[in-house]
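Structure record follows, encoded as structure tokens.
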Amino acid sequence: MQPRIAFHNVTKIFYARRQTITAVKDFSMEVFPGEFVTIVGPSGCGKSTVIRMLDGITPPSEGRILIDGTDFGGKKLDVETLKKIGFIFQEPNLLPWLTVEQNVQLPLKIMHMNTPENQKRVHQLIDMVNMRAYASAYPVEVSGGMTQRVGVIRAMVHDPEILLMDEPFGALDSITREQLNMELLQIWRETNKTIIFITHNVEEAVLLSSRVYVMATDPGRLVDVVNIDLPRPRSLDMITDDRFIAYTNQLTHLIGEIDLSKIV
Amino acid sequence: MNAKRKTLLHTIAPIATFLLVFIIWEVIVVSLQIPKWLLPAPTRIFQSMIVNFGDFWPHIWMSFITILLGFLAAIPLAISFSALVTNFVLLSAALTPYVLLLVTTPIITLVPLLMLWMGFGINTRILTVLIQAFAIINLNSCTGFLNVPTLRHELMDTFGASRVQRFFHITLPTALPDVFTGLRLATIFSTTTCISAEYVGGNMGLGSQIIMYSQFLKTTESFACIFYVAIIGLFFYQLVGVAQNLIIRWKI
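As given, the protein sequences belong to chains F and C, one line each in that order. Per our numbering, the first sequence starts with residue 1, numbered consecutively. Per our numbering, the second sequence starts with residue 265, numbered consecutively.
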């Protein structure tokens, strides 16, 4: 089977004033259709840069990134490919002058996809995250958890096959975060989308994904790939499960080891 | 404090200040018997504003229409110019120094030359107001257009937005508060510029009347004209405020 997303030895170098910073070095990854993959690592390990390169926000310096077999060679993705992708930012990144509903509709307007069918999905998605009562509210008028939910469904309004999530729930309190994680797993089960999820939270990584890519800093690089062989559907009860704890320990160990080696 | 009381407070407090200032002024003038050519009492000025309204009106109208036309013409010119300059690096590099020169040079220094070329008519004064308003609106709009958060641009990247879509969906709405700051400042500068241009030449407009009455020591009439200028300036400033509240309905 052809991977939906493939990274082949991708390196990203940022040129600062007098120095070069290697944000990502020699990164390779393959993600197949319908997979839920997590990239975990300490801040500054280049995990965000990985999916930003994938979505064409910033070009790779070396290596090849393929989406459904197409290599864009560091150029901006074409609109047809962008239609396949939904990107969820660390912050909700809503536009304050648009209502909740208008924010969700924005991608449809810009990508010229304002079909009646997609319009229907706007309302379905708003219902799905229980925000019908707030559809005509402005972002400042709703809570942080709600704005992040809007950010998530905005990325899904054009029904993309791929969701790229850059620490989407990092700024939220743990209760809201767990709730949104469960909602996300449900969405994934129902829609079978391919998801790449970035986090620095080891438990979140184990809970959500089938495979965890562990990254380290200086330079940002891949250190290990851990398959999470836990049954699905997953629930929050699993956090106390022995195997769950074993996985989180393994990941914490992998990340911790890296930090120690840096100090030495 | 509830909203009603707050509104009431904000209506009554300025009126009270107004009355207080003019009462003190009146008392000083009357009690010290200051001659009216030196400093007329406010009641005399208000009286003149009403009694001589027929004489003032053509000039009030002239100043008003000069500011209005110059200011209105400057808005689309300045906003589209700043949009182009901030979107194209070459244009920005080529024009920014000269735009800055336009802002820093007092426009009043150009008026004698403009009058030499174009005569003493209203067209010269409208053009002067236009140049001044353009410089101010352009400066503030540029600031706004350049201050769009990177995150919003990245959002547009993820949708593959075109340059035009980007401008209308994020750049313009993000910059609107700055654009309106420019418009507010431009009303003040337009009024000042209009009156200054009327000082320099011609015999129409409130500026020319202030000069004339002052030369004849008709200080009361002079003051009456100054008060009308203040009213015109305030009117345009508030007009922009009203427009801003109508257009920017979201809170940042």
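Glycine included, C-beta positions come from ideal geometry on N, C-alpha and C. Bear in mind that the values here come from a model prediction, so they are computed numbers and not experimental data.
Distances from the alpha-carbon of serine 344 (chain C) to those of C:Ser405, C:Gln297, C:Gly497 and C:Phe320 put C:Ser405 closest. From the listed residues F:Leu54, F:Val31, F:Gly170 and F:Thr58, the smallest Cα separation to tyrosine 15 (chain F) is found for F:Thr58. When C-beta distances to chain F are compared with 7 Å, every residue of the stretch 377–393 of chain C stays at or above that value. Straight across, the Cα-Cα distance linking leucine 254 (chain F) with histidine 200 (chain F) is about 13 Å. Its chain contains Lys84, Ile85 and Gly86 as the residues whose beta carbon lies nearer than 6 Å to that of proline 160 (chain F), once the 5 sequence neighbours on both sides are disregarded; these appear in chain order. Apart from sequence neighbours up to five positions away, the residues of its chain that approach threonine 360 (chain C) with a beta-carbon distance below 8 Å are Val349, ordered along the chain. When Cβ-Cβ separations below 9 Å define contact, proline 340 (chain C) makes no contact with chain F. With a 10 Å radius around the Cβ and a threshold of 16 neighbouring Cβ atoms, glutamine 148 (chain F) comes out buried.
Spatial neighbours of glutamate 141 (chain F) in its own chain (CB-CB distance under 8 Å, excluding positions within 5 residues in sequence) are listed in chain order as Tyr134. Taking a beta-carbon distance threshold of 9 Å, tryptophan 97 (chain F) counts as an interface residue toward chain C.
Counting the other Cβ atoms within 10 Å of the Cβ of alanine 246 (chain F) gives fewer than 16, which makes it exposed. Following the DSSP letters along the chain, one finds lysine 76 (chain F) in no beta strand (DSSP E), marked with neither H nor E.
The Cβ atoms of isoleucine 126 (chain F) and methionine 165 (chain F) do not sit closer than 9 Å to each other.
Burial check for glutamate 203 (chain F): the Cβ neighbour count within 10 Å reaches 16 or more, so the residue is buried. Under the 10 Å beta carbon count, histidine 112 (chain F) is surrounded by fewer than 16 other beta carbons and is classified as exposed. Asparagine 114 (chain F) is outside the set of residues whose beta carbon lies under 9 Å from a beta carbon in chain C. At a Cβ-Cβ threshold of 9 Å, isoleucine 331 (chain C) and threonine 455 (chain C) count as neighbours.
For glycine 465 (chain C), same chain residues with a beta-carbon under 7 Å away, outside a window of 5 residues either side, are Met379 and Phe384 in chain order.
Under the Cβ distance rule, phenylalanine 409 (chain C) does not count among the residues neighbouring chain F, no pair being separated by less than 9 Å. The beta-carbon of lysine 47 (chain F) is placed no less than 9 Å from the nearest beta-carbon of chain C.
The stretch 326–341 of chain C and the stretch 447–461 of chain C touch, with three or more beta-carbon pairs separated by less than 8 Å. Nearest to isoleucine 371 (chain C) by C-alpha distance, out of C:Leu415, C:Leu503, C:Thr457 and C:Trp289, is C:Thr457. In this structure, DSSP gives glutamate 35 (chain F) a state outside helix and strand, which the three-state scheme calls coil. Note that the stretch 302–317 of chain C touches the stretch 481–494 of chain C; at least 3 beta-carbon pairs, one per stretch, sit closer than 8 Å. Counting along the chain, alanine 494 (chain C) sits inside the alpha helix (DSSP H) bounded by residues 483–511. For tyrosine 362 (chain C), no beta strand (DSSP E) encloses it; the enclosing alpha helix (DSSP H) starts and ends at 353–368. Proximity of the stretch 393–405 of chain C to the stretch 18–36 of chain F falls short of the contact definition, fewer than three beta-carbon pairs being nearer than 8 Å. The continuous beta strand (DSSP E) containing asparagine 227 (chain F) extends over residues 221–227.
Only residues of its own chain outside the window of five on either side were considered, and among them Gln2 have a CB closer than 6 Å to the CB of glycine 69 (chain F), listed in chain order. Beta-bridge analysis with DSSP links tyrosine 213 (chain F) to F:Ile39 and F:Val225. With respect to the C-alpha of histidine 323 (chain C), the residue from C:Ala507, C:Tyr463, C:Leu498 and C:Leu481 having the closest C-alpha is C:Tyr463. Exclusion of the five residues before and after glycine 56 (chain F) leaves Phe72, Lys76 and Leu77 as the residues of its chain whose Cβ lies within less than 7 Å of its Cβ. The shortest CA-to-CA distance from alanine 439 (chain C) to any of C:Ala267, C:Thr407 and C:Ile276 is the one to C:Thr407.
Residue contact with chain F for alanine 357 (chain C): absent (no Cβ-Cβ distance below 9 Å to any residue of chain F).
In the three-state scheme derived from DSSP, where H, G and I count as helix and E and B as strand, aspartate 159 (chain F) is classed as coil. Excluding sequence positions up to five before and after leucine 54 (chain F), its CB lies within less than 7 Å of the CB of Ile5, Ile65 and Leu164, all in the same chain and listed in chain order.
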